[in-house]
Amino acid sequence: MSNESVGTESFATEEKKTVGKKVRVAIVGCGGISETHIKAYTKIPEVEIVAGVDIKPERLTVMKEKYGIENLYEKWEDMLEQIKPDAVDVCTPNGVHAPAVIAAANAGCHVLTEKPMAMSPAECEDMIAAAKKNNVKLVAGFQFRYHPTTKMLVRAREAGEFGDIMFVKCQALRRRGIPNWGVFGQKELQGGGPMIDIGVHIIEAAHYTMGSPKPIAASGNTWTFMGDKPSKTVSSWPNWDWKTYTVEDMAMGQIRFDNGAIMQIEASFCAHIKENIFNFSFAGTKGGGNWDPPGIFTDRFDTMINATPNFLPKSEFGSLFVDKLQNWVNAILLDTPLEAPGEAGLAVQKILDGIYRSAAAGKEVTID
Ligand SMILES: NC(=O)c1ccc[n+]([C@@H]2O[C@H](COP(=O)([O-])OP(=O)(O)OC[C@H]3O[C@@H](n4cnc5c(N)ncnc54)[C@H](O)[C@@H]3O)[C@@H](O)[C@H]2O)c1
2 MSNESVGTES
12 FATEEKKTVG
22 KKVRVAIVGC
32 GGISETHIKA
42 YTKIPEVEIV
52 AGVDIKPERL
62 TVMKEKYGIE
72 NLYEKWEDML
82 EQIKPDAVDV
92 CTPNGVHAPA
102 VIAAANAGCH
112 VLTEKPMAMS
122 PAECEDMIAA
132 AKKNNVKLVA
142 GFQFRYHPTT
152 KMLVRAREAG
162 EFGDIMFVKC
172 QALRRRGIPN
182 WGVFGQKELQ
192 GGGPMIDIGV
202 HIIEAAHYTM
212 GSPKPIAASG
222 NTWTFMGDKP
232 SKTVSSWPNW
242 DWKTYTVEDM
252 AMGQIRFDNG
262 AIMQIEASFC
272 AHIKENIFNF
282 SFAGTKGGGN
292 WDPPGIFTDR
302 FDTMINATPN
312 FLPKSEFGSL
322 FVDKLQNWVN
332 AILLDTPLEA
342 PGEAGLAVQK
352 ILDGIYRSAA
362 AGKEVTID
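Structure representation (structure tokens):
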């Protein structure tokens with residue numbers, strides 16, 4: 002079935018078409034976010050979880066005891082060979098996304114990788130090439146493009162409500178929020194700190210809302226002033242591993258797009274600011290908008306009008322994670338369009354990479 006022939010149909014119709022069909026999914030990386038995925042899969046009857054892979058035996062024990070997953074492996078090579086899943090959901094640290102995705106694609110599996118897609122644009126390109134070569138669906142795990150506010154703003158942009166979007170401000174700011182689990186402070190495993198870990202979320206939602214223009218130049222800087230030292234300050238995530246901390250505490254940047262638009266990005270794990278902020282706002286030639294709280298700002302009847310939604314649903318399938326996994330499953334079973342294909346992950350990765358390259362170079366850099 003072609004994408005065009007199902008593009009206008011509702012998800013409800015698609016759901017009916019998937020009745021009786023199953024996707025056998027294996028999870029690679031059985032840590033914190035994999036549990037969120039496993040819980041979301043319980044709402045997707047088409048999915049059967051057939052295996053789990055983790056280098057830590059204790060995480061495999063959790064998979065068996067808490068979720069009843071029987072086929073457990075320490076190496077994805079063994080799992081791919083023995084289980085032959087239809088699809089692989091990669092929930093490892095960022096530095097392991099590319100090798101796991103490429104191995105799964107080469108084994109003929111559809112692949113979803115958690116955000117950010119990888120450590121660099123080159124890795125993303127290799128992942129996209131492997132998916133194309135093997136004719137499998139590759140998805141970047143960007144859940145905020147399924148958010149009802151993002152969807153409303155996209156519909157408004159497509160209807161011409163904003164004219165040309167000229168300026169976007171993205172903020173993913175924590176006053177004190179260095180993860181005290183996992184390897185989020187280790188640059189060689191994560192690629193960076195708040196810019197790549199939480200900035201990525203708001204960048205992808207904003208970039209999608211803008212209509213995904215092409216980034217051409219980046220300018221930015223990063224600073225580490227707190228995470229690599231012990232701290233006595235009371236916070237909700239205390240006792241992070243400061244001895245292995247090699248990422249930035251705070252990153253600021255600006256992206257120039259080929260249509261002349263500018264995106265400013267602010268991201269922090271810690272910063273001396275009044276409060277946490279997770280938002281993007283923008284201004285276009287005809288109107289502007291804000292993500293949280295949602296709003297549209299235009300001129301009507303010779304008057305400046307601020308419009309706010311009276312009601313927004315939670316999300317199409319009740320949770321952003323169910324939405325993003327269901328979109329992948331529907332694409333696998335029905336060849337419906339992917340909301341966040343590998344190419345979307347690559348565009349966002351170019352933005353992240355540009356900011357980090359500019360910070361290292363101390364000047365504006367071009368983006369290929
Ligand atoms: N979409 C979201 O909102 C969201 C939220 C949190 C994390 N994430 C992403 O999910 C990924 C994992 O984050 P997390 O919080 O679950 O971290 P985590 O540390 O809790 O889990 C990662 C797991 O991967 C395992 N692992 C490491 N190397 C492996 C390998 N070679 N093979 C198999 N398993 C391996 C680790 O042992 C660990 O159990 C990251 O990329 C992160 O950015 C996304």
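In this text, residue positions in the sequence shown follow our numbering: the first is 2, and each later residue adds one. The C-beta atom is built at its ideal place from N, Cα and C for all residues, glycine as well.
- With a cutoff of 8 Å on beta-carbon distance, V26 and P86 are scored as near each other.
- Ligand 1 never approaches K65 closely enough for any of its heavy atoms to be under 7 Å from the residue's Cβ.
- Here DSSP, grouped into helix, strand and coil, assigns S316 to coil.
- For F281, the enclosing beta strand (DSSP E) covers residues I278 to G285.
- If you check the C-beta of W292 against ligand 1, you find no heavy atom less than 7 Å away.
- Between S359 and G261 a beta carbon distance of about 19 Å is seen, past the 8 Å cut, so the two are scored as non-contacting.
- Distance from the C-beta of N328 to the nearest heavy atom of ligand 1 is not below 7 Å.
- Assigned with DSSP and collapsed to three states, E115 falls in strand.
- DSSP places P342 in the strand class (E or B) of the three-state scheme.
- Burial check for S237: the Cβ neighbour count within 10 Å stays below 16, so the residue is exposed.
- In the same chain as V51, and ignoring 5 residues on each side of it, the C-beta atoms closer than 7 Å to its own belong to R25, V26, A27, N72, I84 and P86, in chain order.
- Distance from the CA of G53 to the CA of N307, rounded to the nearest whole angstrom, comes to 49 Å.
- Closest by C-alpha distance to V201, out of Q265, K133 and Q187, is Q265.
- At a cut-off of 7 Å, the beta-carbon of S316 does not count as near ligand 1: no heavy atom of the ligand is closer than that.
- In this structure, C110 has its beta carbon at no less than 7 Å from each heavy atom of ligand 1.
- With a threshold of 16 other beta carbon atoms within 10 Å, K315 falls short and is exposed.
- Around the C-beta of F322, 16 or more other C-beta atoms lie within 10 Å, and the residue is accordingly described as buried.
- Unbroken alpha helix (DSSP H) runs of no fewer than 4 residues, entirely contained in the segment 174 to 212, are found at 188 to 191 and 201 to 211, following chain order.
- By the criterion of at least three beta-carbon pairs nearer than 8 Å, the segment 159 to 171 is not in contact with the segment 215 to 235.
- Here the segment 336 to 353 makes contact with the segment 116 to 125; the two share three or more CB pairs at distances below 8 Å.
- At a Cβ-Cβ threshold of 8 Å, I333 and H111 count as neighbours.
- In this structure, the straight-line span from the alpha carbon of I356 to that of N328 is close to 30 Å.
- By the Cβ neighbour-count rule, R175 is buried, with 16 or more other Cβ atoms within 10 Å of its own.
- Between the segment 191 to 200 and the segment 243 to 256, the count of Cβ pairs shorter than 8 Å is three or higher; the stretches touch.
- Straight through space, the alpha carbons of S121 and Q191 are spaced by roughly 11 Å.
- In the displayed model, F143 falls within coil according to three-state DSSP, outside both helix and strand.
- If you ignore the 5 residues before and after P214, its C-beta comes within less than 8 Å of the C-beta of H208, F258, D259, N260 and A262, all in its own chain and listed in chain order.
- K170 carries a strand assignment under DSSP once its states are collapsed to helix, strand and coil.
- The criterion of a C-beta distance shorter than 8 Å is not satisfied by W182 and G69.
- A heavy atom of ligand 1 is found nearer than 7 Å to the CB of D55.
- According to the DSSP assignment, P149 belongs to no beta strand (DSSP E) but to the alpha helix (DSSP H) extending over P149 to E159.
- At least one heavy atom of ligand 1 sits closer than 7 Å to the Cβ of W77.
- A heavy atom of ligand 1 is found nearer than 7 Å to the CB of V29.
- By the criterion of a C-beta distance shorter than 6 Å, D324 is surrounded in its chain by Y147, S316, E317 and F318, once the five residues flanking it on both sides are discounted.
- If you check the C-beta of E115 against ligand 1, you find a heavy atom less than 7 Å away.
- Annotation: P239 is outside any alpha helix (DSSP H) and is labelled neither H nor E by DSSP.
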